[in-house]
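Residue numbers (our numbering), protein chains in the order written: chain A, 16 to 129; chain B, 1486 to 1600. Contents: one structure, followed by commentary.
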Amino acid sequence: AQSVTQLDSQVPVFEEAPVELRCNYSSSVSVYLFWYVQYPNQGLQLLLKYLSGSTLVESINGFEAEFNKSQTSFHLRKPSVHISDTAEYFCAVSDLGSARQLTFGSGTQLTVLP
Amino acid sequence: NAGVTQTPKFRVLKTGQSMTLLCAQDMNHEYMYWYRQDPGMGLRLIHYSVGEGTTAKGEVPDGYNVSRLKKQNFLLGLESAAPSQTSVYFCASSYGTGQGLYEQYFGPGTRLTVT
């Protein structure tokens, strides 16, 4: 069975500061990894994904995440955050065998302060 | 395209009442899912469907039933609501083949309160 741990439930950060949201997963097999973002009162939107290839993946709005197999981590980073990045962020994992199921972490609320 | 839509957006039920949540997608996706979201617990999979006429249990299926009579619709039913089913319910869908299978598209959610 897989599990996903998001180490921080709340991350407050000032505008234009860097941020890292941490995600660790537990799986004995190869996995696909995802970050989803949820803005207030909305559904989840895919932010970025790692399926194969380069271990560093980027999103269109400046976030990046690095897959680290040895540390079983997929931390999300942004060098300079904006007020509009305030949202809840979910890390998720799917192993190649059970493609229909995503296992989600408990979420990290990112609050960007002016 | 509307994407994934959910009906209703809000609902209040009394213990023991029944209701059906409707999910519709216009992207011709094969796979559809129902999740519940509770504070501090992320999203948990209730039931899913890999195609029209098929359904399967997820992580937390007890107290819920589902049906997928048409490819574009996925219904979630609560036969006898309990306060423990107070939650926000999300529907999602994805392609059935290739790497697109792993990207799920979510609806806006239904906030259900059971008193």
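Every residue, glycine too, gets a C-beta built ideally from N, C-alpha and C. In this text the structure is predicted, and so the values were computed from the model without any measurement.
Within chain B, partners of residue 116 of chain A - CB distance below 9 Å:
1518, 1530, 1533, 1543, 1544
Burial state of residue 1554 of chain B, where buried means 16 or more other Cβ atoms lie within 10 Å:
exposed
From the DSSP output, in three-state form, read off residue 114 of chain A for me.
Low local confidence applies: a pLDDT of 48 at residue 114 of chain A is under 50, so the model's placement there is unreliable, with the coordinate-based value given in what follows. Correct three-state label for residue 114 of chain A: coil.
Would you say residue 69 of chain A reaches chain B, if we count a Cβ-Cβ gap shorter than 7 Å as a contact?
no
Would you tell me roughly how many angstroms separate the C-alpha atoms of residue 1588 of chain B and residue 1490 of chain B, rounded to the nearest one?
17 Å
My output table needs one value for residue 98 of chain A: the three-state DSSP class, helix, strand or coil.
helix
Counting only C-beta atoms, is residue 1559 of chain B closer than 7 Å to chain A at any point?
no
For residue 81 of chain A: DSSP bridge partner residues
A/71, A/90
Under a CB-based cut-off of 7 Å, is residue 1587 of chain B close to chain A?
yes
Those residues which DSSP pairs with residue 1505 of chain B across a bridge:
B/1562
Could you give the first and the last residue of the continuous beta strand (DSSP E) run that contains residue 1545 of chain B?
Taken as a continuous stretch (DSSP letters only), residue 1545 of chain B belongs to no beta strand (DSSP E), as it is neither H nor E.
Between the CA atoms of residue 103 of chain A and residue 1503 of chain B - distance to the nearest angstrom:
31 Å
On the three-pair Cβ rule with 8 Å, is the segment 1591-1600 of chain B touching the segment 50-59 of chain A?
yes
Which partner residues of residue 103 of chain A appear in the DSSP bridge assignment?
A/53, A/124
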